[in-house]
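Position one of the sequence shown corresponds to residue 34 (our numbering), numbered consecutively onward.
C-beta: ideal position from N, C-alpha, C; glycine also.
Since the structure comes first, as structure tokens, the remarks are kept for the end.
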Amino acid sequence: MSGADAAKGEDVFTGAPVPIPGGALDPACRPLDVYRDPPAKADPGPSPAARMAQGYIDCVNARRYDEISSLFVDDGISLPPSQQVVQGRAALDAFYPQIARVGPKLMAVGYTSTDRDCFVEMALEQEIGGKRRYVLVGVNHFTVDESGKATRVLSYVRAREPVFTLKD
């Protein structure tokens with residue numbers, strides 16, 4: 034199988050859809066990373082960092098943006114995809130309600146965590162081809178203190194268009 038097949042979201046050895054946390058990607062929707070079926074929601078497990086991350090997702094999905102800053106320590110830092118640095122209670126209080134304009138619906142499809150750090154693979158529900166589908170959009174890295182509050186949240190977002198593709 035060629036590198037072009039890999040760029041379509043197919044396994045380079047079998048030609049099958051690529052299995053990833055939460056399900057499998059739909060090769061027909063490349064270059065977006067669209068799940069073939071609704072993804073399976075990941076279990077955060079007992080890690081304080083993962084539980085905090087799930088609380089963050091729950092606040093976003095319930096549109097309780099004014100509560101997100103309470104998940105952080107007073108001098109906590111959020112490094113969102115906008116590449117802003119949002120630090121401290123006042124800045125967090127002002128920043129998170131702005132997300133309400135977008136109103137994303139997120140799903141955690143994979144957790145990798147310790148007590149103090151958690152990486153969460155995130156899918157976003159959006160309209161694709163006239164249907165509500167989930168797209169793998171990025172990874173958030175949550176770091177928490179001994180009380181389970183976020184000291185830092187760093188968001189990594191996948192590009193909508195490929196930066197480069199494999200060549201034959």
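Practice task
Please confirm whether residue 54 and residue 142 have their CB atoms less than 9 Å apart.
Solution key: In the sequence shown, the residue the question calls residue 54 occupies position 21. In the sequence shown, the residue the question calls residue 142 occupies position 109. For residue 54 and residue 142, yes; Cβs fall inside 9 Å.
Exercise for the section: Assign residue 189 to buried or exposed, taking buried as 16 or more other Cβ atoms, counted over all protein chains shown, within 10 Å of its Cβ. Expected result: In the sequence shown, the residue the question calls residue 189 occupies position 156. By the Cβ neighbour-count rule, residue 189 is exposed, with fewer than 16 other Cβ atoms within 10 Å of its own.
Problem - Residue burial classification, residue 115 (beta-carbon count within 10 angstroms, cutoff 16) - result: Here the question's residue 115 lines up with position 82 in the sequence shown. The residue is exposed, with fewer than 16 neighbouring Cβ atoms inside 10 Å.
Exercise for the section: Given a cut-off of 9 Å, decide if residue 67 and residue 169 are closer than it, judged by their beta-carbon atoms. Expected result: Counting from 1 along the sequence shown, the entry for residue 169 is found at position 136. Counting from 1 along the sequence shown, the entry for residue 67 is found at position 34. In this structure, residue 67 lies closer than 9 Å to residue 169 by Cβ.
Exercise for the section: For residue 118, collect the residues of the same chain with a Cβ closer than 7 Å to its Cβ; drop the 5 residues on either side in sequence, then sort them by chain order. Expected result: Position 85 of the sequence shown holds residue 118. Taken in chain order, the residues that qualify are 110, 112.
Handout entry: Buried/exposed call for residue 166, threshold 16 Cβ in 10 Å
Key = One-based indexing of the sequence shown puts residue 166 at position 133. Residue 166 comes out buried.
Exercise for the section: Mind reading off the beta-carbon distance from residue 183 to residue 104? Whole number of angstroms is fine, and I expect it under 8 Å. Expected result: As a first step, residue 183 must be located in the sequence shown, where it is residue number 150. As a first step, residue 104 must be located in the sequence shown, where it is residue number 71. 5 Å between Cβ atoms; contact.
Problem - Buried versus exposed, by CB contacts within 10 Å (16 or more), residue 153 - result: As a first step, residue 153 must be located in the sequence shown, where it is residue number 120. With 16 or more Cβ atoms within 10 Å of its Cβ, residue 153 is classed as buried.
Exercise for the section: Classify residue 88 as helix, strand or coil using the three-state DSSP reduction. Expected result: Position 55 of the sequence shown, counting from 1, holds the residue named residue 88. Looking at residue 88 - three-state DSSP - the assignment turns out to be helix.
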